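To start, the structure under review is shown below, and the notes come after it.
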Amino acid sequence: MRYTTIGTGAGERRVSKLALGAMRFGTETDVETSYAILDRFVEAGGTFVDTSNNYAYWAGGTQGGESETFLGRWRRDRGIGEEIAIATKVGARPTDTVERVENGWATQRNRSWEGLAPQNVREQADRSRERLGVERLDLYYAHVPDMNGVPLEEYAAGFAALVKDGVIGQFGLSNHWSWQVERARAANPEAARPSVLQYHHTYLRMRTDIPDPRLSVDGEIGVADASLLAYVRATPGLTLVAYTPLLSGAYTNPAKPIDGAYDHPGTTARLKVLDEVAAETGATRNQVVLAWMLGDALPVIPLIGASSVAQLEESLAAVDLELSEEQRARLDAAGR
1 MRYTTIGTGA
11 GERRVSKLAL
21 GAMRFGTETD
31 VETSYAILDR
41 FVEAGGTFVD
51 TSNNYAYWAG
61 GTQGGESETF
71 LGRWRRDRGI
81 GEEIAIATKV
91 GARPTDTVER
101 VENGWATQRN
111 RSWEGLAPQN
121 VREQADRSRE
131 RLGVERLDLY
141 YAHVPDMNGV
151 PLEEYAAGFA
161 ALVKDGVIGQ
171 FGLSNHWSWQ
181 VERARAANPE
191 AARPSVLQYH
201 HTYLRMRTDI
211 PDPRLSVDGE
221 IGVADASLLA
231 YVRATPGLTL
241 VAYTPLLSGA
251 YTNPAKPIDG
261 AYDHPGTTAR
271 LKVLDEVAAE
281 TGATRNQVVL
291 AWMLGDALPV
301 IPLIGASSVA
311 QLEESLAAVD
321 LELSEEQRAR
331 LDAAGR
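Count the sequence shown with full-length UniProt numbering and you get residues 1 to 336, in order.
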């Protein structure tokens, strides 16, 4: 396993360069399999696990909390302590139980989300700590921008207060525009600032101009676009956590077509080079994508998912896959 440091100051953590997503553990992925995946991840040196207070509300018509509760149980059963960093999120939890979902989102959409009022953020932090069985949350994200009228500066101050009070080690932002990230970081220079950003990022380039009815009519807010990537590169101490780096299996599973947002000429060119490098290295597409990300100068941590130990093993093998400078150059140049 490879390791990196997230955050700065008292809240900084040394974590594995692969993070494991626990979104479906204990619900859509059964308990026995979920335990096996987590156990193998830790055995391989993994120390960074990701969840949210709203996972997985869509699986059982609830308000969420199942993933955190499951992780708390696993921690107790396995005697896990502070050696495993756990990140969780707040802001997108439904305020009522959900009976029907559309593409994994509550039918009520934004109107049902809890929001990021400082009081709610603090209350939910306490509930997350209780479910996880931890005294302090290592990393606490604003899952989405507040949809209930709370100013960005106000909820950024609320997170900073939690850092000051020792409730959380550090805080981050997920699915925000890059200008919102900058505004949150500049709101109070003397207080804690967001140090980790979580966005979708992968080898293929996604169109970001398609309106997202959940969050913004201006386009896809949850993608690490050129502006956000440049911002991360230019900001010391900032780390990108990349969710869905393997497109939920679409790189390798013919039964899962690549999303239409990737349907442009650049995708064909990049897939061609991806296949060439995979053949040259004897690796899978997934492994080359992860190796490309792990070896990048960009401070990025791929957030992998797995519904079986075999899927996890494929991702773990990417840690030891070294791409040559020439291969990396070809991968980077494809589709320009």
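The C-beta atom is built at its ideal place from N, Cα and C for all residues, glycine as well. Bear in mind the structure is a predicted one, so any value in this text is a computation, not a measurement.
(request) Less than 8 Å between the CB atoms is what I'm expecting for Val144 and Ser174, so what's the real figure, rounded? (result) To locate residue 144, count along the sequence shown from 1; it is residue 144. To locate residue 174, count along the sequence shown from 1; it is residue 174. About 7 Å separates the two Cβ atoms, so the contact holds.
(request) Can you check the region 138 to 196 for any alpha helix (DSSP H) of at least 4 residues that lies completely inside it and give the ranges in chain order? (result) With a minimum length of 4 residues, the unbroken runs of alpha helix (DSSP H) contained wholly in the region 138 to 196 fall at 152 to 164 and 178 to 186.
(message) Comparing C-alpha positions only, which one of Leu139, Thr4 and Arg14 sits nearest to Val163?
(response) Taking the first residue of the sequence shown as position 1, residue 163 is located at position 163. Minimum Cα distance to Val163 is reached at Leu139.
(request) Pick out whichever of Val167, Thr8, Ala22 and Ala184 has its Cα sitting closest to the Cα of Thr244. (result) Sequence index remark: in the sequence shown, residue 244 carries index 244 (1-based). Comparing Cα-Cα distances from Thr244 to each of Val167, Thr8, Ala22 and Ala184, the minimum goes to Ala22.
(request) Would you identify the three-state DSSP class for Leu229, choosing helix, strand or coil? (result) If you number the sequence shown from 1, residue 229 lands on position 229. Looking at Leu229 - three-state DSSP - the assignment turns out to be helix.
(request) For the beta strand (DSSP E) holding Tyr55, just list the boundary residues, first then last. (result) Here the question's residue 55 lines up with position 55 in the sequence shown. First-last for Tyr55: undefined, no H or E at that position.
(request) Below 6 Å CB to CB, which residues in the same chain sit around Glu322 once its five sequence neighbours on both sides are set aside? (result) As a first step, residue 322 must be located in the sequence shown, where it is residue number 322. Contacts found: none.
(message) Using a Cβ-Cβ cutoff of less than 6 Å, which residues in the same chain neighbour Ala250 once the five nearest sequence positions on both sides are dropped?
(response) Here residue 250 is taken as the residue at index 250 of the sequence shown, counted from 1. Excluding positions up to five away in sequence, the list reads Lys256 and Ile258.
(message) Does Ile221 pass the burial test, meaning 16 or more other C-beta atoms within 10 Å, or should it be called exposed?
(response) Taking the first residue of the sequence shown as 1, we reach residue 221 at position 221. Per the 10 Å Cβ criterion, buried.
(request) Report yes or no: do the region 288 to 302 and the region 268 to 278 share at least 3 C-beta pairs separated by less than 8 Å? (result) Touching, per the Cβ criterion.
(message) Can you give me the C-alpha to C-alpha distance between Tyr141 and Val90, rounded to a whole angstrom?
(response) For the purposes of this step, residue 141 is taken as the residue at position 141 of the sequence shown. For the purposes of this step, residue 90 is taken as the residue at position 90 of the sequence shown. Near 6 Å, if we compare the C-alpha coordinates of Val90 and Tyr141.
(request) For Val15, name the three-state secondary structure that DSSP assigns. (result) Numbered from 1 along the sequence shown, position 15 holds the residue referred to as residue 15. Three-state DSSP puts Val15 in a strand.
(request) Note down, in chain order, each residue of its chain lying with its Cβ closer than 6 Å to the Cβ of Gly158, except the 5 sequence neighbours on either side. (result) Here the question's residue 158 lines up with position 158 in the sequence shown. The answer, listed in chain order, is Pro118 and Val121.
(message) Tell me the rounded alpha-carbon separation between Met1 and Asp320.
(response) Against the sequence shown, residue 1 aligns to sequence position 1. Against the sequence shown, residue 320 aligns to sequence position 320. So the two alpha carbons sit approximately 8 Å from each other.
(request) Please report how far the alpha carbon of Ala230 lies from the alpha carbon of His200, in whole angstroms. (result) Translated into the one-based positions of the sequence shown, residue 230 becomes position 230. Translated into the one-based positions of the sequence shown, residue 200 becomes position 200. Distance from the CA atom of Ala230 to the CA atom of His200, rounded to whole angstroms, is 15 Å.
(request) Out of Gly72, Thr252 and Ile84, point me to the one whose CA is closest to residue 338's CA. (result) Here the chain comprises residues numbered 1 to 336, so residue 338 is not present and cannot be evaluated.
(message) Tell me which residue opens and which closes the alpha helix (DSSP H) that Pro302 is part of.
(response) Counting from one through the sequence shown, the residue named residue 302 turns up at place 302. Element bounds for Pro302: not the alpha helix (DSSP H) but the beta strand (DSSP E), Val300 to Ile304.
(message) Could you tell me the alpha carbon to alpha carbon distance between Leu71 and Glu43, rounded to whole angstroms?
(response) Reading the sequence shown from its first residue, position 71 is the one you call residue 71. Reading the sequence shown from its first residue, position 43 is the one you call residue 43. Taking the straight line from one Cα to the other gives about 16 Å.
(request) Please confirm whether Thr235 and Val223 have their CB atoms less than 9 Å apart. (result) In the sequence shown, residue 235 corresponds to position 235, counting from 1. In the sequence shown, residue 223 corresponds to position 223, counting from 1. In this structure, Val223 does not lie closer than 9 Å to Thr235 by Cβ.
(request) Please report the residue range of the alpha helix (DSSP H) in which Leu71 lies. (result) Residue numbering aside, residue 71 sits at position 71 when the sequence shown is read from its first letter. First-last of the alpha helix (DSSP H) with Leu71: Glu66 to Arg78.
(request) Can you tell me which of the three DSSP states Leu215 falls into? (result) Taking the sequence shown and counting its residues from 1, one reaches residue 215 at position 215. It is coil, neither helix nor strand.
(request) Could you pull out every residue in the same chain whose Cβ sits closer than 8 Å to the Cβ of Ala329, ignoring the five residues on either side in sequence? (result) Counting from one through the sequence shown, the residue named residue 329 turns up at place 329. Excluding positions up to five away in sequence, the list is empty.
(message) Determine whether the beta carbon atoms of Ile304 and Ala59 lie at a separation below 9 Å.
(response) For the purposes of this step, residue 304 is taken as the residue at position 304 of the sequence shown. For the purposes of this step, residue 59 is taken as the residue at position 59 of the sequence shown. No.
(request) Kindly give me the distance between the Cβ atoms of Leu238 and Leu298, rounded to whole angstroms, as I take these residues to be in contact under 8 Å. (result) By 1-based counting over the sequence shown, the position of residue 238 is 238. By 1-based counting over the sequence shown, the position of residue 298 is 298. Not confirmed; about 10 Å, so no contact.
(request) Can you check DSSP and say which residues form a bridge with Thr29? (result) Here residue 29 is taken as the residue at index 29 of the sequence shown, counted from 1. Per DSSP, Phe25.
(request) Within 10 angstroms of the Cβ of Thr268, are there 16 or more other Cβ atoms? Answer buried if so, exposed if not. (result) Locating residue 268 in the sequence shown gives position 268, counting from the first residue. Answer is exposed; the Cβ neighbour count stays below 16.
(request) Please name the residue in Ala160, Asp212 and Val134 whose C-alpha comes closest to that of Gly79. (result) Against the sequence shown, residue 79 aligns to sequence position 79. Looking from the CA of Gly79, the closest CA among Ala160, Asp212 and Val134 belongs to Val134.
(message) Since Ile86 and Val49 should fall inside the 8 Å C-beta cutoff, what is the C-beta to C-beta distance between them, to a whole number of angstroms?
(response) Within the sequence shown, numbered from 1, the residue matching residue 86 stands at position 86. Within the sequence shown, numbered from 1, the residue matching residue 49 stands at position 49. About 5 Å separates the two Cβ atoms, so the contact holds.
(request) State the Cα-Cα distance for the pair Asp116 and Tyr155, rounded to the nearest angstrom. (result) On the sequence shown, residue 116 is found 116 positions in, with the first residue counted as 1. On the sequence shown, residue 155 is found 155 positions in, with the first residue counted as 1. Note that residue 116 is Leu in the sequence shown, not Asp. Straight-line Cα distance between these residues: approximately 6 Å.
(request) Express the C-alpha separation of Gly26 and Ala161 in angstroms, rounding to a whole number. (result) The residue labelled residue 161 in the question sits at position 161 within the sequence shown. The residue labelled residue 26 in the question sits at position 26 within the sequence shown. Here the alpha carbons of Gly26 and Ala161 stand approximately 32 Å from one another.
(request) Would you list, in sequence order, the uninterrupted alpha helix (DSSP H) runs of no fewer than 4 residues that lie entirely inside the region 248 to 302? (result) 265 to 281 and 285 to 294
(message) According to DSSP, simplified to helix, strand and coil, what is Ala85?
(response) By one-based count along the sequence shown, residue 85 stands at place 85. In this structure, Ala85 counts as strand in the three-state DSSP scheme.
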